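Protein chains in written order, with this note's numbering: chain A, 1 to 167; chain B, 168 to 574.
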Amino acid sequence: MSRVPLPYTQKVLDLFRNPKNLGKMEDATVVAVSGNPACGDMITFYLKISDQEIIEKASFESYGCAANIATASIVTEMVKGLSLESAWEDVTWKKVTEEVGGLPSVKFHCGVLAVGAVKRAIRKYYEQRGSAPSWLPKELTFEEKQALEEEELAKTLAKRLHVAEEK
Amino acid sequence: MVENVKELLKAHEGITHEVYLDNENSTAVPKDVVDAMLPYYNQRAYGNPTLTHKPGWEAFEVIMKSAQKISKFLGAKILEEITFTPGETEANNLALMGAAFANKHKGKKIVISEIEPINVLHVTELLQKFGFTTTKIPVDREGFLNLEKLKEAVDKETVLASIATANNEIGTIQPVKEAIDIVKDKNPDALFHTDASDAYGRIPLNVQDLKVDLATVSSYKILGPRGIGALYVKEGVNVDKILEGQIGTQKLWPGVENTPLIVGFTKASELAFQDFAANVKRMSMLRDKLADGIFAELSDLRFNGPKGDKRVPDNANISILRCEGEALTIELSLKGVYVSSGSACSRRLLQPSHVLVAIGRRFSEAHGSILMKTTRYHTEEDITYVLNVLPSAVNRIRGIVGSTGVD
Numbered sequence: 001m002s003r004v005p006l007p008y009t010q011k012v013l014d015l016f017r018n019p020k021n022l023g024k025m026e027d028a029t030v031v032a033v034s035g036n037p038a039c040g041d042m043i044t045f046y047l048k049i050s051d052q053e054i055i056e057k058a059s060f061e062s063y064g065c066a067a068n069i070a071t072a073s074i075v076t077e078m079v080k081g082l083s084l085e086s087a088w089e090d091v092t093w094k095k096v097t098e099e100v101g102g103l104p105s106v107k108f109h110c111g112v113l114a115v116g117a118v119k120r121a122i123r124k125y126y127e128q129r130g131s132a133p134s135w136l137p138k139e140l141t142f143e144e145k146q147a148l149e150e151e152e153l154a155k156t157l158a159k160r161l162h163v164a165e166e167k
Numbered sequence: 168m169v170e171n172v173k174e175l176l177k178a179h180e181g182i183t184h185e186v187y188l189d190n191e192n193s194t195a196v197p198k199d200v201v202d203a204m205l206p207y208y209n210q211r212a213y214g215n216p217t218l219t220h221k222p223g224w225e226a227f228e229v230i231m232k233s234a235q236k237i238s239k240f241l242g243a244k245i246l247e248e249i250t251f252t253p254g255e256t257e258a259n260n261l262a263l264m265g266a267a268f269a270n271k272h273k274g275k276k277i278v279i280s281e282i283e284p285i286n287v288l289h290v291t292e293l294l295q296k297f298g299f300t301t302t303k304i305p306v307d308r309e310g311f312l313n314l315e316k317l318k319e320a321v322d323k324e325t326v327l328a329s330i331a332t333a334n335n336e337i338g339t340i341q342p343v344k345e346a347i348d349i350v351k352d353k354n355p356d357a358l359f360h361t362d363a364s365d366a367y368g369r370i371p372l373n374v375q376d377l378k379v380d381l382a383t384v385s386s387y388k389i390l391g392p393r394g395i396g397a398l399y400v401k402e403g404v405n406v407d408k409i410l411e412g413q414i415g416t417q418k419l420w421p422g423v424e425n426t427p428l429i430v431g432f433t434k435a436s437e438l439a440f441q442d443f444a445a446n447v448k449r450m451s452m453l454r455d456k457l458a459d460g461i462f463a464e465l466s467d468l469r470f471n472g473p474k475g476d477k478r479v480p481d482n483a484n485i486s487i488l489r490c491e492g493e494a495l496t497i498e499l500s501l502k503g504v505y506v507s508s509g510s511a512c513s514r515r516l517l518q519p520s521h522v523l524v525a526i527g528r529r530f531s532e533a534h535g536s537i538l539m540k541t542t543r544y545h546t547e548e549d550i551t552y553v554l555n556v557l558p559s560a561v562n563r564i565r566g567i568v569g570s571t572g573v574d
């Protein structure tokens, strides 16, 4: 059990209590997930993308702590109305952390995971279309790698501790 | 960061009822206990008990009387078998390190269970650097020690076994008597330590009947002040001290004895034992009302640890599926209900409660677990209040999880 003190900011608490853009989106263009229930940290992002490649709507669901919920929620706010290219370039985990008024260092990965999910969604959108714009790097970004690493870590740990696999 | 806390606390304004159930991690100290302690700060016995003046002799007297009382509650033979330490952590460090170092000529193998308190796990890791090896005995799905594996693990090289009497997270009461017999049967020279912090004041405990060599008890686990605990060391058992300094009345723990805390710990023990049967009955009645009520209100739950008389009377540990524990502790806090969780959410290492993992819970079940401990000071109204606010808190968190959760 962890015993790290977690004095969340007012903004984190507000978003935890009244999350914006919460819930499954039935008409989403693309859905992406990052994290793993084994981590106690999992986000699903729903994006509605216009023909002009503008994010018209974004929503989320989160299995995670208050910081996870707050960062996921703020990311949906941040990407709304942006072109896919701007969402890819401008929404970084550092900006997400700033937007929620800062996070305890042990919670930085929540913002990373949220941005990782958005980047996965954008990648998936172009995969579905079978074409990729020149600004989309082939290599995984920091946030995508971190999300992947967290997912792998949970699996490794579960194996080492002989924990039953998550369904 | 301190400014953030101000805002967090402000968010709690307007709470109409508060129920503190996180007695695993710290407790409120009852007024009777505080009142008993206060005179010892500045009215009497504030001297150093080793010095030759009235306040010193007063301190010596009250410390010895306190040790006498604690030794009686534990069923020890003489008061010299009691060493006051600054708490359970320190008592366990002294027991394991002190016994291992003093008896290393007999062997360098240590045996513990998979669900020992974190401090025991960490001390055994430290002892590896000094050439000691540790075998962790598995437990079953209710947290009971596998006695067959214990028997296999103990041999002539075993210097020490340490098995908690009752688990702090899931309340399992171990068959300590049987475990001691097994260890001593295979190696009469091996020492046996038990962390009895979660058993003391909750189940009958007698160190002489158990034939245990070392036993830890903690003050705050019985609603005494924090910062004080005790280690029982059976007469004749060799233990090295682990801290250096001026030795006073206690040869195993240097430094000036903390008289007010010792008095508070003793008073808390007296209150726990003075109506022992009634206290136990009350704790378990409230705990059952709490746990049964939660199961009546919500679905997709797991009750962690055994039920019935093999569980300590105050402990309720429930995994709430599709609900992340840290988020739930915050949601409940905003409604005046204070609990802790086995979630690992604030750790990059992603390791949830090692106890829940050891009994075979999946990670998500551990992340969604809450731990609550009732005391004789809770009322039925307190429990009713918790049962009123908990379902909506869980449902809100489950609403955020939506289809993202599994199970």
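All residues carry an ideal CB built from backbone N, CA and C; glycine is no exception.
Bear in mind that the values here come from a model prediction, so they are computed numbers and not experimental data.
Consult DSSP for residue i and reduce its assignment to one of helix, strand or coil.
i, result
"B:Phe240", "helix"
"B:Phe227", "helix"
"A:Ser2", "Low per-residue confidence applies at A:Ser2: pLDDT is 47, beneath 50, and the placement is therefore not dependable enough to give any value."
"B:Asn425", "coil"
"A:Leu47", "strand"
"A:Leu136", "coil"
"B:Leu488", "coil"
"B:Lys344", "helix"
"B:Gly412", "coil"
"B:Glu174", "helix"
"B:Tyr544", "coil"
"B:Asp116", "This structure cannot speak to residue 116 of chain B, because chain B is shown only from 168 to 574."
"B:Ile245", "coil"
"B:Arg528", "coil"
"A:Lys159", "helix"
"A:Lys119", "helix"
"A:Glu143", "helix"
"A:Glu61", "strand"
Would you report the Cα separation of residue i and residue j, rounded to the nearest angstrom?
i, j, result
"A:Ala154", "A:Ile43", "15 Å"
"B:Thr542", "B:Thr383", "21 Å"
"B:Gly535", "B:Ile487", "5 Å"
"B:Lys353", "B:Glu309", "26 Å"
"B:His360", "B:Ala266", "9 Å"
"A:Asn36", "A:Ser105", "20 Å"
"B:Thr217", "B:Asp362", "29 Å"
"A:Ala132", "B:Gly569", "31 Å"
"B:Phe299", "B:Val326", "9 Å"
"B:Lys344", "B:Ile279", "15 Å"
"B:Phe251", "B:Gly223", "17 Å"
"B:Lys275", "B:Lys408", "18 Å"
"B:Ile497", "B:Lys401", "44 Å"
"A:Ala158", "A:Leu140", "25 Å"
"B:Ser364", "A:Glu98", "44 Å"
"B:Val506", "A:Ala147", "30 Å"
"B:Ile485", "B:Phe462", "9 Å"
"A:Lys145", "A:Val96", "17 Å"
"A:Trp93", "A:Lys124", "20 Å"
"B:Pro253", "B:Leu398", "10 Å"
Starting from the beta carbon of residue i, find every residue of chain C whose beta carbon is closer than 9 Å, and list them in chain order.
i, result
"A:Phe142", "The structure shown contains no chain C; its protein chains are A and B."
So residue i packs on residue j, CB below 8 Å; how close in whole Å?
i, j, result
"A:Ala58", "A:Val79", "5 Å"
"B:Ile526", "B:Val306", "6 Å"
"B:Gly472", "B:Thr339", "5 Å"
"A:Lys20", "A:Ser73", "5 Å"
"B:Ile249", "B:Ile237", "5 Å"
"A:Val30", "A:Ala117", "About 11 Å separates the two Cβ atoms, so there is no contact after all."
"B:Pro480", "B:Met450", "4 Å"
"B:Ser520", "B:Glu336", "6 Å"
Would the C-beta of residue i count as close to the ligand GTP, meaning under 7 Å from any of its heavy atoms?
i, result
"B:Ser520", "For the ligand GTP, the structure offers nothing, since it holds no ligand at all."
Checklist entry - Can you give, in chain order, each stretch of the beta strand (DSSP E) that sits fully within the segment 259-299 of chain B and has at least 3 residues? => result 276-280
Item to check | Any 3 or more C-beta pairs closer than 8 Å across the segment 12-20 of chain A and the segment 69-78 of chain A | outcome: yes
Next on the checklist: Assess contact between the segment 256-276 of chain B and the segment 223-235 of chain B, defined as three or more Cβ pairs (one per stretch) separated by less than 8 Å. Is contact present?
Outcome noted: no
Checklist entry - Considering only residues of the segment 353-390 of chain B, which uninterrupted alpha helix (DSSP H) runs meet the minimum length of 4 residues and lie entirely inside it, listed in chain order? => result 374-377
Checklist entry - Which full runs of the beta strand (DSSP E) of 3+ residues lie inside the segment 416-486 of chain B, going along the chain? => result 468-470
Checklist entry - Taking one C-beta from the segment 278-294 of chain B and one from the segment 454-474 of chain B each time, how about it: are there three or more such pairs within less than 8 Å? => result no
Item to check | Segment contact flag, the segment 391-399 of chain B with the segment 269-283 of chain B, C-beta cutoff 8 Å, min 3 pairs | outcome: no
Next on the checklist: List, from N- to C-terminal side, the alpha helix (DSSP H) runs of 4 residues or more that fit wholly inside the segment 191-235 of chain B.
Outcome noted: 198-204, 206-209
Item to check | Residue ranges of each alpha helix (DSSP H) within the segment 299-333 of chain B, 4 or longer | outcome: 314-320
Next on the checklist: I want to know whether the segment 38-55 of chain A touches the segment 200-220 of chain B - three or more CB-CB distances under 8 Å.
Outcome noted: no
Next on the checklist: Would you call the segment 193-205 of chain B in contact with the segment 430-447 of chain B, where contact means no fewer than 3 C-beta pairs closer than 8 Å?
Outcome noted: yes
Checklist entry - What are the complete alpha helix (DSSP H) segments, minimum 4 residues, inside the segment 10-43 of chain A? => result 10-17
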